[in-house]
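Residue numbers 13 to 163, in my numbering, belong to the letters of the sequence shown in order.
Here the structure is laid out as structure tokens; the discussion comes afterwards.
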Amino acid sequence: MITCDKIMNNVPLTVRPTLGVRELAELFLTKSVESACVVDQESLVGVVTSMDLVFQEKQIHLPTFVHFLNGLLPLEPFSDRTRKELDKVAGATVAEIMTRRPVTVRPDTPVSEAATLMVERHLSILPVVENGRLLGAVTKPSLLRHYIEHS
């Protein structure tokens, strides 16, 4: 029986809860990953995925503008709601969009059990934790690598 500690990524991308969502998006792009473990003082506090970023970018109603004398004039004033939504999106942090108390596995969890969890719960990352400490993560690529090597 092959266990999660044999296939996990030993150095998963980790971010702090205070990281801005823009910086998170840039990290995902530069590292070519879709998920990260959120840690605070070496303890796992959540996970964040590219889909969390997509869901965070909710539609904001902006007033219609017209071009007048080399400038833009709003046809309607910014509402308090619009201002609050813009402020929230501009200053959002990982802590605001992450999944808290994520599903985790132990190092000795069978890979088949981890794969089942990921499929049934639509997870893209499964942190491997022991005694509250993050050891690594099982991801879709690590499962694919395992499948290729053992088929």
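Beta carbons are placed, not taken as given, at the ideal position from N, Cα and C, and that holds for glycine.
Put Ser47 into one of helix, strand or coil per three-state DSSP.
Translated into positions along the sequence shown, residue 47 becomes position 35. If DSSP states are grouped into helix, strand and coil, Ser47 belongs with the strands.
With burial defined as no fewer than 16 other Cβ atoms inside 10 Å of the residue's Cβ, what is the status of Asp64: buried or exposed?
Counted from its first residue, the sequence shown places residue 64 at position 52. Counting Cβ neighbours within 10 Å, Asp64 comes out buried, since at least 16 surround it.
Please report the straight-line C-alpha distance between Met13 and Lys152, rounded to a whole angstrom.
For the purposes of this step, residue 13 is taken as residue 1 along the sequence shown, with counting starting at 1. For the purposes of this step, residue 152 is taken as residue 140 along the sequence shown, with counting starting at 1. Cα to Cα, the separation comes out at about 19 Å.
Might you give, ordered along the chain, the residues of its own chain that have their beta carbon closer than 7 Å to the beta carbon of Gly148, omitting 5 neighbours on each side?
Position 136 of the sequence shown holds residue 148. The residues are Met20, Asn21, Asn22, Pro24 and Val140.
Mind checking Thr42: buried by the 16 CB within 10 Å criterion, or exposed?
If you number the sequence shown from 1, residue 42 lands on position 30. So Thr42 ends up on the exposed side.
Check whether the region 117-127 and the region 25-44 touch, using three or more Cβ-Cβ pairs below 8 Å as the test.
Short answer: they don't touch.
Considering only DSSP beta bridges, list what Ser55 is partnered with.
The sequence position of residue 55 within the sequence shown is 43, counting from 1. In DSSP, Ser55 forms a bridge with Asp52 and Arg145.
Could you tell me if Leu74 is buried or exposed, where buried requires 16 or more neighbouring beta carbons within 10 angstroms of its beta carbon?
Position 62 of the sequence shown, counted from the start, is the residue given in the question as residue 74. A caution first: Leu74 carries a pLDDT of 48, below 50, which makes its placement in the model unreliable, though a value can still be read off. Per the 10 Å Cβ criterion, exposed.
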